[in-house]
Every structure is written in C-alpha cells, then in structure tokens.
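In the working numbering, the protein residues as written are 902 to 1180.
Glycine included, C-beta positions come from ideal geometry on N, C-alpha and C.
Below you'll find the structure, written out as structure tokens, and then a few comments.
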Amino acid sequence: MNPIYEKLEKCYQCVREKTDFVPEVAIILGSGFGQFADEFEEVKKISYHEIEGFPVSTVQGHAGEFIFGYMQDVPVVLMNGRVHYYEGYAMSDVVLPTRLMKMLGAKILFLTNAAGGLGDGFAAGDIMMITDQLTMFVDSPLIGENVEELGVRFPDMSEIYDKKLQEILRQTAKEIGLDLKEGIYCQFKGPNYESPAEVRAAKILGASAVGMSTGCEAIAANHMGMQICGISCVTNMAAGMSENPLSHQEVQENAAKAAPYIRRLLHESVLKMHKELNK
C-alpha cells in the first residue's frame, strides 16, 4: 500500500474509533476564524494530538482540533487550526487533514484564510471570494507516486472553485449587505512575509491576495473530487503596498474585526449549499 494512503487510513480508523459522525461540509478555519467554532451545535471534538500520526499545528491562534456538529440540519466538520507547509511538514502531511475530511464523508470543502491584499481596491478588513489560484511557488501535494485510491494521476484544474458555490456566496453576501470582493489567491511558502518584489510579481501574474496556505489544500480536494469554495479575509496590505511593517498581530486583529461578517457569510451560505447539494 502507498505509505501516504496507509498513514491516511490509520488516521481515518483512529477518528472512527472516536466518532461515527459523517459530515457533509468541511470547513478549514484560518487565522482569526476560530470564533466561528462557537456558531453551531457541537457533537464531538477531537484534538489533533489524539489522532496517531496526525500533523499538529504549531501556530499561535490555531487551536488544533476537529469539531463535528450541526449547523441547523447540516452536518459539518470544522478544522479549527490548519497545518502549514512552513511548519516543516511534508506536503502530504499538510493536506492529510483535507483528505481525511473527504474520507469521513465531506462533499464540500469551504476554505478560509487571512491574506495580504495587493491593492487595486482592496483594503484591510475586506472579504474576498477566491475565484482561482496561483500555486507555482509551493510544491504540489500530488508530487510522487499517485495515490490511485484518492484520484487520477493528472487531475483537471479548469474549475477548482465551484461556480455554483461561488454564486451562492455572491447571493448570500448581497442578502447580508456585505461588499464581497472577488479575486485570485496566490500561495507562497512562508513563514516570512513576501518581499515587495515578490508581491509585484504576484500582482503581474494576476493575484489579488497572497498568503501561506489554502492553494495546496484546494489541489488535494480537487484531486479527490470535492466541490470547493473559499474566502480570504484581507487582514493587511502586502509588503510594498503599505508603509507599515507586517506582523501576525495585525493579521489576527483585522481578522477579528471582520469576524461578524465572515460568520454570517459562512453560516448562511453553508445552509444554501446544503440545499443545492440535496436537490
């Protein structure tokens, strides 16, 4: 058996020993999004430390736990605190949680992150729907022998972010009075923030926001056939876009300010996605 799949199977069995909950929607909570975990009826909480061989988040503000529960009648699993490539894990470990949530039953992956805005109408506190991504600056999670149990060798990437889910996000934002921006997300390796030259390069390539996560998770989820949507909270302007130096504290503070709008957008759109999925 492929060692990546073998490790994934062990994690799956470990979780199944603790809960038989089958989620429909998986949500990965980025920096500053942890408060959303209070928004739904919790059934079971599993710390990453309880899962044998599971990568553990080392970033301040990332709780490091799966939370299973219901958003009204929608079964959801929250990944409260993600694992980043810059923490030193193999890319296969970084996307292991995404693959695990799909194996547990999730059909939709809702990605969230804190990102640096690249100007052009973006300001700190804005919420951006991700319409596409740039990931050539990080290793693909599909490098190496293909895990046939997960997906095909050469997966199509024409529509990573599902158009129907994007339309639901647009409609929901309009209903709650949110000025939802749209743009392309670019993932860098981190943990250092991008240089002004790297930011200019990303902007030339078409990016609207940059960060250190999300893109690799979307690739892994797309490989497994999940429907994907994502939002970025623009918590700061990227290097060269502002006179102020970048800090993780600024990221967390601005994410907290945008949290009420994000919570409403997540909650209302997930309910709509459930209805669309079960037509």
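With 16 as the cutoff for other CB atoms within 10 Å, does residue i come out buried or exposed?
i: L1106; result: exposed
i: K1003; result: buried
i: A887; result: With the chain running from 902 to 1180 in the structure shown, residue 887 is simply not present.
i: E907; result: exposed
i: G1126; result: exposed
i: I1044; result: exposed
i: D1057; result: exposed
i: D954; result: It is worth fixing the name first, because residue 954 is Gly in this sequence and not Asp. The residue in question, G954, is exposed, as its Cβ has fewer than 16 Cβ neighbours within 10 Å.
i: M1037; result: exposed
i: G1018; result: buried
i: E1095; result: buried
i: F1189; result: Nothing in the structure corresponds to residue 1189, since the chain is present only between 902 and 1180.
i: V1214; result: The first residue shown for the chain is 902 and the last is 1180, placing residue 1214 beyond what the model contains.
i: N1123; result: buried
i: P1042; result: buried
Taking C-beta to C-beta, are residue i and residue j nearer than 8 Å?
i: Q1088; j: C1130; result: no
i: V923; j: M1174; result: no
i: Q973; j: L1166; result: no
i: M1138; j: A1025; result: yes
i: T920; j: F969; result: yes
i: Y986; j: K1090; result: yes
i: A991; j: C1134; result: no
i: L1110; j: L1035; result: Strictly speaking, residue 1110 in this sequence is Ala, with Leu absent from that position. No.
i: Y1086; j: A1108; result: yes
i: L1001; j: Y913; result: yes
i: L930; j: G965; result: no
i: Q1128; j: D1063; result: yes
i: S1170; j: T1073; result: yes
i: M1030; j: I928; result: no
i: Q936; j: A1159; result: no
i: E1046; j: N903; result: yes
Compare the C-alpha of residue i against each of the options and name the closest.
i: F1011; options: L1070, L1005 and E1095; result: L1070
i: P976; options: E942, L1001 and K946; result: E942
i: E940; options: E1177, L1178, V1053 and H1168; result: H1168
i: K945; options: M980, L930 and P956; result: M980
i: A1119; options: S1059, L1019 and I905; result: S1059
i: I905; options: F937, C915 and D994; result: D994
i: F934; options: K1176, T1013 and K911; result: T1013
i: D1040; options: G989, Y971 and E1177; result: G989
i: D1021; options: K1158, N1179 and V1100; result: V1100
i: C915; options: Y971, Y949 and N1179; result: Y949
Tell me, to the nearest whole angstrom, how far the beta carbon of residue i is from that of residue j; I am working on the premise that it is less than 8 Å.
i: F967; j: V978; result: 6 Å
i: L1005; j: L909; result: Between L909 and L1005 the Cβ distance is about 11 Å, and since that is not below 8 Å, they are no contact.
i: Y1162; j: I1028; result: 6 Å
i: G1084; j: T1032; result: 7 Å
i: L1178; j: I1061; result: Not quite, the Cβ-Cβ distance comes to about 18 Å (not below 8 Å), so this is no contact.
Can you give me the start and stop residues for the beta strand (DSSP E) that residue i sits inside?
i: E943; result: E942 to S948
i: K1082; result: K1082 to Q1088
i: T1032; result: I1028 to L1035
i: I1077; result: First-last for I1077: undefined, no H or E at that position.
i: I928; result: V926 to L930
i: N1014; result: I1009 to G1018
i: Q1128; result: Q1128 to M1138
i: V916; result: Taken as a continuous stretch (DSSP letters only), V916 belongs to no beta strand (DSSP E), being part of the alpha helix (DSSP H) at P904 to R917.
i: A1110; result: A1110 to G1112
Between which two residues does the alpha helix (DSSP H) harbouring residue i extend?
i: Y971; result: Careful: Y971 lies outside any alpha helix (DSSP H), inside the beta strand (DSSP E) at E966 to M972.
i: M1002; result: L997 to M1004
i: V978; result: Where V978 is concerned, there is no enclosing alpha helix (DSSP H), although the beta strand (DSSP E) it sits in stretches over V975 to N981.
i: G1116; result: G1116 to H1124
i: A1103; result: P1097 to I1105
When you compare the CB of residue i with every CB in chain D, is at least one pair closer than 8 Å?
i: I952; result: Looking for chain D here will not work: only one protein chain is present.
Would you say the beta carbon of residue i is closer than 7 Å to some non-hydrogen atom of the ligand FAD?
i: I1077; result: The ligand FAD is not part of this structure, which contains no ligands at all.
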